[in-house]
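Worksheet: one structure, shown below.
Numbering (this note's numbering), first residue to last: 8 to 448.
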């Protein structure tokens, strides 16, 4: 591996994101003969759903959902994998910049595939900033990374199938999952559950999760209204069918469904519609040589992400005919995504969670009462610095979008907080050869 602090790589197809959609896209493009690069800010491939277990550098293949086969196919290609790099800028069309501790890299591409996945939506409520209150995806990642939770009492709350998946992970780690609190009503969930009868694979996945959490209480129409503790979480108060119940716990993990990561696409100038990256049937965005696959085009789950990744990889490599063969599968998987969105739509009562003093922007310590005085995201940023901290509005921006109906301003580089050394080294791109090897921190 080269020790240069400033590298240049040239690819026919560059994929940003090495979750399921990115892995599928990179594999298909490379198998079609393209010179492929795949970059991700995580040290190992897999994204959240296939996140590697502690001590492993390969995706978690324990769920029988195709991870092993896709990773085998990817590693059999000559695709260059750049793990631990974060894309933060586009100096000009056809080039993006990325950084890691060792320096910056210029990535040249003919076609770009955005597969940046999604993040959890956090909704602020009193006590949500206490230590040991975290996201459901975050606690899953920490457990996979080695966090000892055996014997710890954990409450899961929020919305979406991720709650069950994380509960299964926690049970496997010998945690005590006290209960699962789903904000959606039984009336919302029933049609969704019945619709799974037409999809055997989804039924099997659901049964696996249910078997792992069979004795865990599952409450519908339930959500957290307050977390309490003396410097660290001690209990959470749940509102369940209009009645409050205080539950002692060591951890509270919350996640109110997922939010597409569209920031890179927006920075590159791709059209965003209804909070998703707009694409055609072959995953092409409003910019002809930029494609998008997976959750940034709309939250749809693993199956749809894999299909869209394959379509984008094939189309990016000029294999439109082969890509179109997957369109029927895509349409079927999209129907599931539509049902998913309807079943787990957030109820309006959740907008009443924060009190005047509840912090909404954790980075800049901005309470809800200060934000309500303003009419837009831009006005709030100017007067309170909301969204101007290290997370760049990724947490508070999605919260205020739900609570106040605000839309974020246009995305500007740098896309992420970067080191001054990286900004200081932004000279003209170098032209050096690319070897098809894995580049890791």
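We put the CB at the ideal spot given by N, CA and C, even for glycine. Please read all numbers here as calculations on a predicted model, not as lab measurements.
Whose CA, out of 16, 73, 47, 350, lies closest to the CA of residue 312? 73
Would you mind working out which of 130, 31, 410 sits nearest residue 166, comparing C-alpha positions? 130
Selected residue, minimal CA-CA separation from residue 314, among 335, 198, 326: 335
Among the residues of its own chain, which have a CB less than 8 Å from the CB of residue 210, if the five just before and after it don't count? 203, 204
What residue does the alpha helix (DSSP H) around residue 403 start on, and which one ends it? 403–411
So who's on the other strand from residue 504, going by DSSP bridges? With the chain running from 8 to 448 in the structure shown, residue 504 is simply not present.
Would you list, in sequence order, the uninterrupted alpha helix (DSSP H) runs of no fewer than 4 residues that lie entirely inside the region 290–321? none
Grouping DSSP H, G and I as helix and E and B as strand, with all else coil, what is residue 213? helix
If you draw a straight line from the alpha carbon of residue 400 to that of residue 412, how long is it in whole angstroms? 15 Å
Please report the residue range of the alpha helix (DSSP H) in which residue 35 lies. 27–38
Could you pull the start and end residues of the beta strand (DSSP E) that residue 417 belongs to? First-last for residue 417: undefined, no H or E at that position.
Considering only the beta carbon of each residue, do residue 159 and residue 257 sit closer than 8 Å? A contact, by the Cβ cut-off of 8 Å.
Below 8 Å between beta carbons: does that hold for residue 30 and residue 50? no
Report the option in 351, 397, 349 whose CA atom is closest to the CA atom of residue 371. 397
Which same chain residues, not among the five before or five after residue 385, have their C-beta less than 6 Å away from its C-beta? 416
Let me know the secondary structure DSSP gives residue 229 once reduced to three states. strand
Residue 271 versus residue 121: straight-line alpha-carbon distance, rounded: Answer to the nearest angstrom: the Cα atoms are 8 Å apart.
Rounded to whole angstroms, what is the Cα-Cα separation between residue 219 and residue 212? 11 Å
Measure how close the beta-carbons of residue 92 and residue 46 come, nearest whole angstrom, since I'm counting them as under 8 Å. 5 Å
Any idea if residue 55 is buried or exposed, counting beta-carbon neighbours within 10 angstroms, 16 or more meaning buried? buried
Classify residue 391 as buried or exposed, calling it buried when 16 or more other Cβ atoms lie within 10 Å of its own Cβ. So residue 391 counts as buried.
If contacts are defined as beta-carbon pairs under 8 Å, then residue 245 and residue 254 qualify, I think. What distance do you get, rounded to the angstrom? 6 Å
Per DSSP, cross-strand counterpart(s) of residue 262: 165
Let's test the definition: count the other Cβ atoms within 10 Å of the Cβ of residue 267 and tell me whether it reaches 16, buried, or not, exposed. buried
Rounding to the nearest angstrom, what Cα-Cα distance links residue 104 and residue 111 in this structure? 7 Å
Euclidean distance between Cα positions of residue 178 and residue 145: 16 Å
Selection from 26, 107, 123, 114 that minimises the alpha carbon distance to residue 81: 26
Residue ranges of each beta strand (DSSP E) run of no fewer than 3 residues wholly in the region 329–409, ordered along the chain? 366–368
Here's a check: name, in chain order, each residue in its chain whose Cβ is nearer than 6 Å to the Cβ of residue 48, leaving out the five neighbours to either side. 93
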